[in-house]
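Trainee: Residue numbers (the numbering used here): 2 to 378.
Take a look at the following structure, please.
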């Protein structure tokens with residue numbers, strides 16, 4: 002069983018799908034591990050670190066590989082290097098990328114999309130969305146603090162008192178909760194909002210104040226799976242008015258609302274940005290899906306009337322070493338689920354809930370029901 006680790010071809014992707022620690026464990030599972038040269042350099046991992054862990058570093062690492070681990074979906078020339086039937090494990094970003102998914106099927110590879118993992122207990126250790134969103138929430142606060150021209154905590158000095166910075170987090174999922182915790186650790190006064198009632202307790206447990214129109218519709222605004230329901234136009238209008246008034250008083254606003262497969266919901270209008278004081282900062286974590294902030298620019302910090310709007314894509318990649326370490330462990334846990342511990346060989350159970358939920362392509366076809374061509378669905 003040969004496992005190959007890819008050097009990402011996307012210039013904006015510094016992460017890598019395996020680290021020396023996971024390489025050792027894969028070898029312990031019976032794998033021969035081959036790594037493309039320079040795969041981990043942007044994450045602070047040298048080729049010699051991989052060889053010390055027992056891997057082979059070679060330009061032809063993909064040749065004959067049974068399993069291919071990478072961060073982003075293979076494309077173009079990458080696909081031609083993969084043998085038919087190879088298992089490819091990555092963040093596939095299948096929504097709206099029908100041609101890319103079809104190309105994988107045509108190449109005969111079996112693709113597993115890690116972002117499609119089911120929300121079940123045993124899949125938590127494999128949950129790439131959570132591990133990466135956690136880091137994005139942390140980094141959003143760090144980026145905001147770097148752009149903000151003032152100190153975050155209250156400071157009592159001989160020259161006078163420095164007031165604490167007011168930070169508003171929009172969306173209290175994994176990224177939002179980590180942003181709240183980080184902002185609190187840095188001494189800011191933190192408020193947060195979310196359309197899920199359960200988020201209120203989570204927000205308050207971290208020492209932040211919850212901001213929302215808490216009427217009867219709000220109390221029933223969560224699905225059995227823990228996702229937010231779409232709210233009525235009336236509720237959206239009341240919530241927008243409350244948020245607009247609250248934003249005027251904030252120094253930093255961080256938006257984290259992202260729904261898989263859909264454009265990011267618009268949370269902040271240009272008028273809201275204009276209402277903030279000069280020197281304020283807005284960080285948008287949903288830029289890759291169009292952004293929560295009206296007019297946000299991807300991979301740029303723009304300024305409007307003295308208010309900075311930060312719109313970096315791939316925010317976890319801004320902490321490449323940590324992000325790679327967590328992502329690699331997610332993939333290792335997933336791979337362990339595909340290997341027979343006794344024979345130390347691949348043994349995919351196609352009836353397993355995790356396998357069924359993540360299998361995107363197989364035997365030349367797109368097999369995931371959500372991404373099959375409409376005529377075949």
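For glycine and all other residues, C-beta sits at the position ideal for the given N, C-alpha and C.
Can you tell me whether residue 16 is buried or exposed? The criterion is at least 16 other CB atoms within 10 Å of its CB, across all chains shown.
Mentor: Residue 16 comes out buried.
Trainee: What's the C-alpha gap between residue 353 and residue 168?
Mentor: Cα-Cα distance, rounded: 43 Å.
Trainee: Comparing alpha-carbon positions, which option in 293, 360, 254, 187 lies nearest residue 308?
Mentor: It is 254 whose Cα lies nearest to the Cα of residue 308.
Trainee: Quickly, what does DSSP pair residue 388 with across the bridge? List them, please.
Mentor: Nothing can be reported for residue 388: it is not among the residues displayed for the chain, which extend from 2 to 378.
Trainee: Taking the alpha carbon of residue 9 as the point to measure from, which residue in 340, 40, 31 has its own alpha carbon closest?
Mentor: Looking at the Cα atoms, 40 is the closest of the given residues.
Trainee: Candidates 335, 51, 265, 95: which alpha carbon is nearest residue 76's?
Mentor: Comparing Cα-Cα distances from residue 76 to each of 335, 51, 265, 95, the minimum goes to 95.
Trainee: Among the residues of its own chain, which have a CB less than 8 Å from the CB of residue 342, if the five just before and after it don't count?
Mentor: 30.
Trainee: For residue 148, I'd like the list of residues in its chain whose CB is within less than 7 Å of its CB, leaving aside the five on either flank, ordered along the chain.
Mentor: So the qualifying residues of the chain are 282, 302, 309, 311.
Trainee: Whole angstroms is fine: what's the gap from residue 18's alpha carbon to residue 203's?
Mentor: Going by the C-alpha atoms only, they are around 31 Å apart.
Trainee: Which residues share a DSSP beta bridge with residue 157?
Mentor: DSSP, once it has assigned bridges, lists 162 as partnering residue 157.
Trainee: Got a sec, what are the start and stop residues for the beta strand (DSSP E) residue 240 sits in?
Mentor: Per DSSP, residue 240 belongs to no beta strand (DSSP E); it is in the alpha helix (DSSP H), 234-248.
Trainee: With three or more C-beta pairs closer than 8 Å as the rule, is the region 135-145 touching the region 177-196?
Mentor: Yes, since at least three Cβ pairs between the region 177-196 and the region 135-145 fall closer than 8 Å, the two stretches touch.
Trainee: Taking the Cβ atom as the reference point for each residue, do residue 293 and residue 265 lie within a distance shorter than 8 Å?
Mentor: The answer is yes: Cβ separation under 8 Å.
Trainee: So residue 68 is in the beta strand (DSSP E); what residue range does that whole segment cover?
Mentor: Counting along the chain, the beta strand (DSSP E) containing residue 68 begins and ends at 68-73.
Trainee: In terms of alpha-carbon separation, which member of 249, 21, 220 lies closest to residue 57?
Mentor: Out of 249, 21, 220, 21 has the C-alpha closest to the C-alpha of residue 57.
Trainee: Could you tell me which uninterrupted beta strand (DSSP E) segments, each at least 3 residues in length, are contained entirely in the region 142-214, listed from first to last along the chain?
Mentor: Listed in chain order, they are 156-158, 161-163, 167-171, 190-194.
Trainee: Can you tell me where the beta strand (DSSP E) holding residue 320 begins and where it ends?
Mentor: First-last for residue 320: undefined, no H or E at that position.
Trainee: Taking residue 154 as the reference, give the member of 252, 198, 368 with the closest Cα.
Mentor: Among 252, 198, 368, the Cα nearest to that of residue 154 is on 252.
Trainee: With residue 361 and residue 97 assumed to form a contact (beta carbons below 8 Å), what rounded beta-carbon distance in angstroms separates them?
Mentor: So it is not a contact: roughly 14 Å between Cβ atoms.
Trainee: If you draw a straight line from the alpha carbon of residue 174 to that of residue 125, how long is it in whole angstroms?
Mentor: Taking the straight line joining both Cα atoms gives about 15 Å.
Trainee: Give the straight-line distance between the Cα atoms of residue 200 and residue 53, rounded to the nearest whole angstrom.
Mentor: Cα to Cα, the separation comes out at about 45 Å.
Trainee: Can you tell me whether residue 340 is buried or exposed, with buried defined as 16 or more other CB within 10 angstroms of its CB?
Mentor: Residue 340 comes out buried.
Trainee: Less than 7 Å between C-beta atoms, sequence neighbours within five positions excluded: which residues of the same chain meet that for residue 12?
Mentor: For residue 12, where only same-chain residues beyond five positions count, there are no Cβ hits under 7 Å.
Trainee: Helix, strand or coil: which one does DSSP assign to residue 285?
Mentor: Note: residue 285 maps to strand in three-state DSSP.
Trainee: Is it the case that the Cβ atoms of residue 275 and residue 305 are separated by a distance below 8 Å?
Mentor: Yes. Within cutoff.
Trainee: Assign residue 86 to buried or exposed, taking buried as 16 or more other Cβ atoms, counted over all protein chains shown, within 10 Å of its Cβ.
Mentor: Classification of residue 86: exposed, given that the 10 Å Cβ count is below 16.
Trainee: Taking only three categories from DSSP, how would you classify residue 377?
Mentor: Bear in mind that a pLDDT of 47 at residue 377, under 50, signals an unreliable position, so the model cannot answer this.
Trainee: For residue 51 and residue 36, which I take to be in contact (beta-carbon distance under 8 Å), what is that distance rounded to the nearest angstrom?
Mentor: About 5 Å separates the two Cβ atoms, so the contact holds.
Trainee: Look up residue 28 in the DSSP assignment and say whether it is helix, strand or coil.
Mentor: Reduced to three states, the DSSP call for residue 28 is helix.
Trainee: My understanding is that residue 261 touches residue 116, with C-beta atoms under 8 Å, so please give their C-beta distance in whole angstroms.
Mentor: That pair is a contact at about 7 Å.
Trainee: Looking at the secondary structure, which residues open and close the alpha helix (DSSP H) in which residue 222 lies?
Mentor: Run containing residue 222: none; DSSP gives neither H nor E here.
Trainee: Can you list, in chain order, the residues of its chain with a C-beta nearer than 7 Å to that of residue 358? Leave out the 5 residues immediately preceding and following it.
Mentor: Only 117, 118, 119 meet the Cβ criterion.
Trainee: Would residue 82 pass as an interface residue toward chain B - the criterion being a Cβ-Cβ separation below 8 Å?
Mentor: Absent from the structure is chain B; it holds one protein chain and no more.
Trainee: By Cβ distance below 6 Å, which residues in the same chain neighbour residue 107 in space, the five residues on each side in sequence not counted?
Mentor: So no residue of the chain qualifies.
Trainee: Around the Cβ of residue 184, are there at least 16 other Cβ atoms within 10 angstroms (buried) or fewer (exposed)?
Mentor: With 16 or more other Cβ atoms within 10 Å, it is buried.
Trainee: Using only CA atoms, which one of 206, 205, 241, 207 lies nearest to residue 214?
Mentor: Nearest C-alpha to residue 214: 241.
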